[in-house]
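Asks:
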Amino acid sequence: MLARCLASLPAAIARVEEPVFVVVVENSPDAQARATVEGFADQLDVIYAQEEEPGIPFARNRAVEMALARGCAWLIFIDDDEWVAQDWLEQMLAGRSAYPQADVLTGPVLRDYPETAPDWLPRSGHDGVATGTSLQAAATNNTAVASHVFSADGLGLRFEEKMRYTGGSDTEIFLRVTRQGGQVIWIAEAQVFEEYPDNRSTLGWHIARNIRRGSAGVMIERLHERPVLPYVVPRIGHCLYLTFGRLAQALVLFIPKRRRGRAQAMKAVLSAASAWGYLRGLFNLRSEPYRRPDGR
Numbered sequence: 001m002l003a004r005c006l007a008s009l010p011a012a013i014a015r016v017e018e019p020v021f022v023v024v025v026e027n028s029p030d031a032q033a034r035a036t037v038e039g040f041a042d043q044l045d046v047i048y049a050q051e052e053e054p055g056i057p058f059a060r061n062r063a064v065e066m067a068l069a070r071g072c073a074w075l076i077f078i079d080d081d082e083w084v085a086q087d088w089l090e091q092m093l094a095g096r097s098a099y100p101q102a103d104v105l106t107g108p109v110l111r112d113y114p115e116t117a118p119d120w121l122p123r124s125g126h127d128g129v130a131t132g133t134s135l136q137a138a139a140t141n142n143t144a145v146a147s148h149v150f151s152a153d154g155l156g157l158r159f160e161e162k163m164r165y166t167g168g169s170d171t172e173i174f175l176r177v178t179r180q181g182g183q184v185i186w187i188a189e190a191q192v193f194e195e196y197p198d199n200r201s202t203l204g205w206h207i208a209r210n211i212r213r214g215s216a217g218v219m220i221e222r223l224h225e226r227p228v229l230p231y232v233v234p235r236i237g238h239c240l241y242l243t244f245g246r247l248a249q250a251l252v253l254f255i256p257k258r259r260r261g262r263a264q265a266m267k268a269v270l271s272a273a274s275a276w277g278y279l280r281g282l283f284n285l286r287s288e289p290y291r292r293p294d295g296r
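Going by UniProt numbering, the first residue of the sequence shown is number 1, and it counts up by one from there.
1. Find out if the Cβ-Cβ distance for the pair residue 32, residue 26 is shorter than 8 Å.
2. Taking all protein chains shown into account, decide if residue 273 is buried (16 or more other Cβ within 10 angstroms of its Cβ) or exposed.
3. Quick check on residue 64: does DSSP put it in helix, strand or coil?
4. Could you give the DSSP three-state label for residue 296: helix, strand or coil?
5. With 16 as the cutoff for other CB atoms within 10 Å, does residue 101 come out buried or exposed?
6. In terms of alpha-carbon separation, which member of 126, 17, 210 and 156 lies closest to residue 190?
7. On the three-state DSSP scale, how would you describe residue 103?
8. In angstroms, rounded to a whole number, what distance separates the CA positions of residue 187 and residue 94?
9. Using the Cα positions of residue 268 and residue 194, report the straight-line distance between them to the nearest angstrom.
10. Ignoring anything shorter than 4 residues, give me the alpha helix (DSSP H) runs that lie fully in the stretch 150-180, in order along the chain.
11. Determine, using beta-carbon pairs with one atom in the stretch 133-146 and one in the stretch 102-117, whether at least three such pairs fall under 8 Å.
12. Let me know the secondary structure DSSP gives residue 187 once reduced to three states.
13. Determine the DSSP secondary structure at residue 278, reduced to helix, strand or coil.
14. Select from 52, 110, 218 and 81 the residue whose C-alpha is nearest the C-alpha of residue 172.
15. Identify the continuous beta strand (DSSP E) that holds residue 193 and give its terminal residues.
16. Please report the distance separating the alpha-carbon of residue 99 from that of residue 203.
17. With a floor of 4 residues, list each alpha helix (DSSP H) that falls wholly inside the UniProt domain "Glycosyltransferase 2-like" (2-122), ordered by position along the chain.
18. What three-state label does DSSP hand residue 143 in the structure shown?
19. Note the first and the last residue of the continuous alpha helix (DSSP H) segment covering residue 249.
20. Could you tell me which of 220, 158, 174 and 211 sits nearest to residue 68, measuring between CA atoms?
21. Tell me the rounded alpha-carbon separation between residue 144 and residue 132.
22. So, at 8 Å on beta carbons, what are the nonlocal neighbours of residue 147 in its own chain, with the 5 sequence-adjacent residues on each side left out?
23. With DSSP as the reference, label residue 270 as helix, strand or coil.
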């Protein structure tokens, strides 16, 4: 996966005039990716680092320190199981010019499902969102961040290491940006692609993810020292509203349009899973999938 990610970068970088360097941080005690990274040294200005402290925030913070040490103006995060469109970087930089007030720019991750994947799975997480839309937060799967977000003379933020196993440290830091008056701007044209293998294309996997996201959202409110009940109650209510509404649609559609009815039923289950995640978070019960190296 990492090799495909790195192989997609030279063509994208060649389309822009600004100097670009690549940082790969492996969050593992075994330097398994080093040889892969070194194999691209003739195509990319690439730096490899090994972060042995387990947990995604530690790897992200290591990458931040390395980028700041090189004096970069912007940091762009993608995941190792993604690959970029040829005009991805060009579009991201165009977004930076078009929205100079932005502290963070983020774009779509288009999911590449196996042929056996069910048709109710979403194509991306922000279908239909227009370029220039302000968001509350973002993930690090396709996101450019101005260096002042991290620098000592700016906001001085780092990824929250207390979320090392829960996931959500990316959402947490970008939510802090917007809560401090910063802006996260959507750039629909800056596209990357992500492989979804069979084990991540199941209902069970998506249920677990929605539960994790719900409980992590409550954890973020606690970390920000905000009251939890005003956050949890309306979200549970909204999730239950979606659950019963989608179940009703599923029943109506199931006979004339079985495929659409089944899709609505699956979405209802996922809405219920989100509600359960918020409820777990209310009682400080956390999902920690990232205790496993492959947990996602």
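Don't be surprised by glycine CBs; every beta carbon is placed ideally from N, CA and C.
Replies: Once the coordinates are examined:
1. Taking C-beta atoms as the reference points, residue 32 and residue 26 count as a pair closer than 8 Å.
2. Classification of residue 273: buried, given that the 10 Å Cβ count is 16 or more.
3. In the displayed model, residue 64 falls within a helix according to three-state DSSP.
4. In this prediction, residue 296 scores a pLDDT of 48, lower than 50, which makes its location untrustworthy; no coordinate-derived value is stated.
5. Residue 101 should be labelled exposed.
6. Looking at the Cα atoms, 126 is the closest of the given residues.
7. Of the three classes helix, strand and coil, the one that applies to residue 103 here is coil, per DSSP.
8. Approximately 9 Å between the Cα atoms of the pair.
9. Distance between the alpha carbons of residue 268 and residue 194 is about 25 Å.
10. As far as the stretch 150-180 is concerned, its whole alpha helix (DSSP H) runs of at least 4 residues are 169-179.
11. Flag = yes, the stretch 133-146 and the stretch 102-117 touch.
12. In this structure, DSSP gives residue 187 a state outside helix and strand, which the three-state scheme calls coil.
13. Residue 278 falls in the helix class under three-state DSSP.
14. The closest CA to that of residue 172, considering only 52, 110, 218 and 81, is found on 218.
15. Residue 193 -> beta strand (DSSP E) spans 192-195.
16. One C-alpha to the other measures close to 38 Å.
17. Segments of the alpha helix (DSSP H) lying fully in the UniProt domain "Glycosyltransferase 2-like" (2-122): 2-7, 9-13, 34-38, 56-69 and 88-98.
18. In the structure shown, residue 143 sits in a strand (DSSP, three-state: E or B).
19. Where residue 249 is concerned, the enclosing alpha helix (DSSP H) starts and stops at 229-253.
20. For residue 68, the closest of 220, 158, 174 and 211 by C-alpha to C-alpha distance is 158.
21. Looking at the two C-alpha atoms, the distance is approximately 14 Å.
22. Excluding residues within five positions, the ones whose Cβ falls inside 8 Å are 67, 68, 72, 73, 74, 75 and 154.
23. In the displayed model, residue 270 falls within a helix according to three-state DSSP.
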